[in-house]
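Position one of the sequence shown corresponds to residue 1 (UniProt numbering), numbered consecutively onward.
Reviewing the structure listed below.
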Amino acid sequence: DRVTISKIENGERKIYAEEIKKLAEYFNISSDVLLDLKEDIEVVIEKNTAKSKPKKEIRISIPQKNLQKFK
1 DRVTISKIEN GERKIYAEEI KKLAEYFNIS SDVLLDLKED IEVVIEKNTA
51 KSKPKKEIRI SIPQKNLQKF K
């Protein structure tokens, strides 16, 4: 809860190893980052691998009498 997190941030309460583990899993980071043991945080941005929708083919009907205009 927010009160607990606030107390931990302000040094009014100690954090337990199990809580560090849960926070690391929740934020998908190493517990070393939470413990400030690892200086640099590596940020990985994955490209969207989903293919775009195929474009629809457009068909235009041209009357035979006007066909020469489009050639």
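From the three backbone atoms N, C-alpha and C, an ideal C-beta is built for every residue, glycine too.
Considering only Ser61, Ile5, Lys56, Ile45, the residue with the shortest C-alpha distance to Leu34 is Ile5. Taken atom to atom, the span from the alpha-carbon of Glu19 to that of Glu46 is near 28 Å. One thing to note: Lys7 has its Cβ within 7 Å of the Cβ of Arg13.
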